[in-house]
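A.B. asks: Take this structure first; my questions come after.
There are 2 protein chains.
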Amino acid sequence: MALGKDYVTQECSIASALEVVGERWTLLVVRDALYGVRRYNDFLVHLGIPRAVLSARLRTLTEAGILEKRRYQESPPRDEYVVTDRGIALWPALRALAVWGREHLMDRRLRYFRHAECGTELGSYGECPACGTVVPVADVLLTPGPGLDPDPADPVSRALLKPKRLLEPLETDHV
Amino acid sequence: MALGKDYVTQECSIASALEVVGERWTLLVVRDALYGVRRYNDFLVHLGIPRAVLSARLRTLTEAGILEKRRYQESPPRDEYVVTDRGIALWPALRALAVWGREHLMDRRLRYFRHAECGTELGSYGECPACGTVVPVADVLLTPGPGLDPDPADPVSRALLKPKRLLEPLETDHV
DNA sequence: ACCGTTGGTTCGTTCATTGAACCCACGGCT
DNA sequence: AGCCGTGGGTTCAATGAACGAACCAACGGT
Chain A
1 MALGKDYVTQ
11 ECSIASALEV
21 VGERWTLLVV
31 RDALYGVRRY
41 NDFLVHLGIP
51 RAVLSARLRT
61 LTEAGILEKR
71 RYQESPPRDE
81 YVVTDRGIAL
91 WPALRALAVW
101 GREHLMDRRL
111 RYFRHAECGT
121 ELGSYGECPA
131 CGTVVPVADV
141 LLTPGPGLDP
151 DPADPVSRAL
161 LKPKRLLEPL
171 ETDHV
Chain B
1001 MALGKDYVTQ
1011 ECSIASALEV
1021 VGERWTLLVV
1031 RDALYGVRRY
1041 NDFLVHLGIP
1051 RAVLSARLRT
1061 LTEAGILEKR
1071 RYQESPPRDE
1081 YVVTDRGIAL
1091 WPALRALAVW
1101 GREHLMDRRL
1111 RYFRHAECGT
1121 ELGSYGECPA
1131 CGTVVPVADV
1141 LLTPGPGLDP
1151 DPADPVSRAL
1161 LKPKRLLEPL
1171 ETDHV
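So the protein sequences, as listed, match chains A and B. Residue numbering for the first sequence follows my numbering, starting at 1 and increasing by one per position. Residue numbering for the second sequence follows my numbering, starting at 1001 and increasing by one per position.
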C-alpha cells in the first residue's frame, strides 16, 4: 500500500523502491528470508512482529514478487514463503545498511559474512578481498560473532548460531 | 519514537540502521541532502512532506549525527542542514536501493550517476568501470535521463535538471 | 472427544502521519 | 508607522497504521 500517493510524485528509483520495501518491518522480513527463514511462525517469533502486520507484509511482498508462497505439504495445507530472484537482488541494499549500522551504531561484532569458498570476510560492497570477485548470495556464509547472545530464547536465533549459507533453508527444532 | 522498542531486541546491525533511518521519509531526506538540498523550504517543496514530519525528521537526523544544523546568516537567523560524513556513508545503501528500484520497478531512466572525472556511468556497487575504483561521493556527477519530466513544478527539481555533483549545494532560484 | 500445531483473521486501543492553520523574527516598502 | 513577504518553524483535529490479545479453522494424534 505503501507510502503511496506521496512518494509517487518523486520521479526517483529510490522512492519507488521505498514504496515497496520501505514500510516498517518489511526489510527485516526480507532479511530473515535471505537468512533462510520460510515459515510464518519462524518469522513471527524471530521478529516479534504482530501477526496482523506479518500477514500484511508477507502478502505485499508476495504480490511484489519478492517472496513466493509455496505449498510444502497438503493435509493439513501448509505454506512457506521463499525469497525470489527479485528478493535476492535486495541483498546489496541490506548489506550496505548492515555495514553502515555496524560502523556507525554498533560497538561489537554480531555476525561475520564470509565467502563460503575461502572463508574470507566480505568487503564493504560484498566482494571477497581474497578472490577479487563479488560473492553471489548463495556463497555467503553467515557466522556468529562475539557480540551475539550465546543462548537466545527463540529457536530461529538458536539455529542462526551455527554457520550457514544465506538462502539455505533454516532448520529450527520444531521438527 | 523510532521503531524503537521492538527493533531493539533484534541483535542485528540492519535493524539498528533501520531504527535510525527506517522511518517514513527519512531516507528521502538523506537522499535530498546528498543531492545538495540544505534549506527547510527546499526539502519541503521537493518532497511534498508535511511540515511537522519534516521538522521531526530533520531533528532526529541531526541528533543522529547524519545532518548538521548550521547557521548561515544572522538577522534574520537562518539555518541550513548539511549532510555529515556519517550521512555521506549512507550513499552505498541509497545507491543499492536505487539500482534495485531501477532494475525491478522502473521502465525508464530518470537519472545517470557518472564518474565526474571521466563521465563513465557508475557500476552497480558505485564503482567506475573505466577507472576501476570506487568513486567517492563528491566525485559522482548526477545527470538527467530521458524519463525525467523536462519542466517540473518545484524549483528544486528544476535545479536538478542541470548536471551537478553530489554534495555540491543546490542553487534554487529563490535567490 | 479432546489437545496441539500451523497459519491465519478480528478487534479495540494506542501511536504516527497528514494537511491546514497559526506564529514569529526580520527586512523592505510606502 | 503600518503593512507585506520570506524563512523556518509549532499546534491541532482527523485519519490511518501498528499493536497485542483473543479468536478461528483444518488437520493429526491419542
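Even glycine gets a Cβ: it sits at the ideal position worked out from N, Cα and C. Just so we're clear, the structure is a prediction, and the values are computed from it rather than from any experiment.
1) Just checking, does the stretch 1080–1092 of chain B make contact with the stretch 1044–1057 of chain B on the three C-beta pairs under 8 Å criterion?
2) Would you grab the beta carbon distance between Arg1031 (chain B) and Leu1094 (chain B) for me? Rounded to a whole angstrom, and I think it's under 8 Å.
3) Alpha carbon to alpha carbon, what distance is there between Thr1133 (chain B) and Arg78 (chain A)?
4) Between the alpha carbons of Asp139 (chain A) and Tyr1035 (chain B), how many angstroms are there, rounded?
5) Any beta carbon from chain A within less than 8 Å of Arg1057 (chain B)'s own beta carbon?
6) Could you work out which residues of chain B lie near Cys12 (chain A), taking near to mean beta carbons separated by less than 9 Å?
7) Taking the alpha-carbon of Arg1114 (chain B) as reference, which of B:Ile1049, B:Ala1153, B:Pro1146, B:Pro1163 has the nearest alpha-carbon?
8) Near Leu3 (chain A), which residues of its chain fall below 8 Å by C-beta distance, leaving aside the five closest residues on each side in sequence?
9) How is the alpha helix (DSSP H) around Leu161 (chain A) delimited, first residue to last?
10) Which of the three DSSP states, helix, strand or coil, is assigned to Asp1042 (chain B)?
11) Would you report the Cα separation of Arg108 (chain A) and Leu166 (chain A), rounded to the nearest angstrom?
12) Identify each residue in the stretch 138–161 of chain A for which the Cβ-Cβ distance to at least one residue of chain B is less than 9 Å, and report them in chain order.
13) Could you work out which residue in B:Arg1111, B:Ala1052, B:Glu1011, B:Val1037 is closest to Gly1177 (chain B) when comparing CA atoms only?
14) Per DSSP, what kind of secondary structure is Pro92 (chain A) in: helix, strand or coil?
15) Would the beta-carbon of Gly126 (chain A) fall within 8 Å of that of Ile1014 (chain B)?
16) Do you know how far the Cα of Arg71 (chain A) is from the Cα of Pro1150 (chain B)?
17) In three-state DSSP terms, what is Asp111 (chain A)?
18) Give me the chain B residues within the contact set of Leu90 (chain A), using Cβ-Cβ distance strictly less than 7 Å, ordered along the chain.
19) Going by CA-CA distance only, name the one from B:Thr1060, B:Asn1041, B:Trp1025 that's closest to Cys1157 (chain B).
20) Excluding five sequence neighbours on each side, which residues of the same chain lie with their C-beta closer than 6 Å to the C-beta of Leu1061 (chain B)?
21) Along chain A, which residues have their Cβ under 7 Å away from the Cβ of Arg1086 (chain B)?
22) State yes or no: is the beta carbon of Ala93 (chain A) nearer than 8 Å to at least one beta carbon in chain B?
23) On the three-state DSSP scale, how would you describe Leu122 (chain A)?
C.D. replies: Let's see:
1) no
2) 6 Å
3) 48 Å
4) 35 Å
5) no
6) Leu1028, Arg1031, Ala1098, Gly1101, Leu1110, Arg1111
7) B:Pro1163
8) Annotation note: pLDDT 49 at Leu3 (chain A) (below 50); position unreliable, no value reported.
9) Premise fails: Leu161 (chain A) is in no alpha helix (DSSP H) and is neither H nor E.
10) helix
11) 22 Å
12) Gly147, Leu148, Asp149, Pro152, Ser157
13) Since the first residue of chain B shown is 1001 and the last is 1175, residue 1177 (chain B) is not available in this structure.
14) helix
15) no
16) 48 Å
17) In the sequence as displayed, the identity of residue 111 (chain A) is Arg instead of Asp. Three-state result, Arg111 (chain A): strand.
18) Trp1100
19) One detail in the question is off: residue 1157 (chain B) reads as Ser in this sequence, not Cys. Checking every option, the nearest Cα to that of Ser1157 (chain B) belongs to B:Asn1041.
20) Leu1067
21) His104
22) yes
23) coil
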